[in-house]
Amino acid sequence: MNYQVVIPAAGRGTRMKADKNKLLLLLKGRPVIIHTLEVFEKDPNCSGIILVVQPEEASLFSNLVNEYDVSKVKKLAHGGSERQESVYNGLKEADPSAVVLVHDGARPFITTPIIARLVEKAAEEGAAIAAVPVKDTIKRVEKGKVVETVERSSLWSVQTPQAFRMPLIMQAHEKAQADQYVGTDEASLVERTGRCVQIVEGDYDNIKLTTPEDLIFAEAIIQKRKSL
Ligand code: CTP
Ligand code: MG
Numbered sequence: 001m002n003y004q005v006v007i008p009a010a011g012r013g014t015r016m017k018a019d020k021n022k023l024l025l026l027l028k029g030r031p032v033i034i035h036t037l038e039v040f041e042k043d044p045n046c047s048g049i050i051l052v053v054q055p056e057e058a059s060l061f062s063n064l065v066n067e068y069d070v071s072k073v074k075k076l077a078h079g080g081s082e083r084q085e086s087v088y089n090g091l092k093e094a095d096p097s098a099v100v101l102v103h104d105g106a107r108p109f110i111t112t113p114i115i116a117r118l119v120e121k122a123a124e125e126g127a128a129i130a131a132v133p134v135k136d137t138i139k140r141v142e143k144g145k146v147v148e149t150v151e152r153s154s155l156w157s158v159q160t161p162q163a164f165r166m167p168l169i170m171q172a173h174e175k176a177q178a179d180q181y182v183g184t185d186e187a188s189l190v191e192r193t194g195r196c197v198q199i200v201e202g203d204y205d206n207i208k209l210t211t212p213e214d215l216i217f218a219e220a221i222i223q224k225r226k227s228l
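By full-length UniProt numbering, the letter at position 159 of the sequence shown is numbered 159, and the numbering carries on one by one without gaps.
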């Protein structure tokens, strides 16, 4: 089933402590954002990519898109000061009747089987997100003291892609804007509308490149995939 994808790439990468947007850092000689875009470029079910960038970086990103022949990037949207605003600006450019995915530019290791499952679930149920079971024991802590051990079997670490039928996600963003609510992912906005969000089991490799050591994990994932 066809879908469009909004890729927010308008962050500052503060925690990466590089001197530029972390999506421009090189992994095996190619910028992180190109690794991410190429997954969608090669997926026959992806009918269009909306890339969200800061206005001052727009020409830089559009040059990269041309240099690496990413033909599905039809539009660049303007990033906002928060990720949620960036995503909303991107969604406004998407086909209003499509299934749309939101996927962080900083997650280059997403794979097409997971994308396909998300699109199918979102088409059926309205909203579906990639997540993996939490591996660590999680405790609630206050002032340096353990308050309780949280029961782990119901805890999931949430990733992107997050997939939605367009009317549902647009309505959720409109409501969040009206209420001045800022969430850390799109699904949290949908949850506030009372709609159910489905989980699709993802992959522990689908990391978000956030801090400098993640670049080392990224090299290891690339190495592992080469030897498969
Ligand atoms: N993003 C965005 N617009 C923003 C903030 C973030 O488009 N105003 C994008 C980032 O480019 C990234 C994704 O959202 O692809 C996930 O955000 P995050 O990992 O937090 O990246 P940054 O915000 O760039 O990093 P940091 O929080 O460390 O500054
Ligand atoms: Mg951020």
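Glycine included, every Cβ here is placed at the ideal spot set by N, Cα and C.
Inter-residue spacing [alpha-carbon to alpha-carbon] between residue i and residue j
i    : j    : result
A116 : K145 : 43 Å
S81  : P8   : 12 Å
I129 : V32  : 22 Å
R140 : V150 : 7 Å
M16  : A106 : 11 Å
L60  : N21  : 11 Å
V73  : I34  : 11 Å
E56  : Q171 : 29 Å
V132 : F164 : 19 Å
E213 : S188 : 28 Å
V190 : I114 : 21 Å
I207 : T137 : 19 Å
Q84  : G183 : 7 Å
A122 : A98  : 10 Å
A220 : D179 : 43 Å
W156 : T112 : 21 Å
Continuous alpha helix (DSSP H) stretch holding residue i: start and end
i    : result
Q223 : 213-226
P113 : 112-125
R140 : Unbroken run through R140 is the beta strand (DSSP E), 138-142; no alpha helix (DSSP H).
Residue i beta carbon near the ligand NAP (any heavy atom closer than 7 Å)
i   : result
R15 : In the structure shown, the ligand NAP is absent; the only ligands present are the ligand CTP and the ligand MG.
Buried or exposed by the 16-neighbour rule on C-beta atoms within 10 Å, applied to residue i
i    : result
Y3   : buried
R225 : exposed
N45  : exposed
P167 : exposed
T211 : exposed
I169 : buried
Presumed contact (8 Å Cβ cut-off) between residue i and residue j, rounded CB distance
i    : j    : result
P161 : L101 : 4 Å
N127 : R192 : The sequence given here has Ala at residue 127, not Asn. About 12 Å; that fails the 8 Å criterion.
Y68  : H173 : 30 Å between Cβ atoms; not a contact.
F40  : I49  : 5 Å
Residue span of the beta strand (DSSP E) that contains residue i, given as start and end
i    : result
F164 : 156-165
S47  : 46-53
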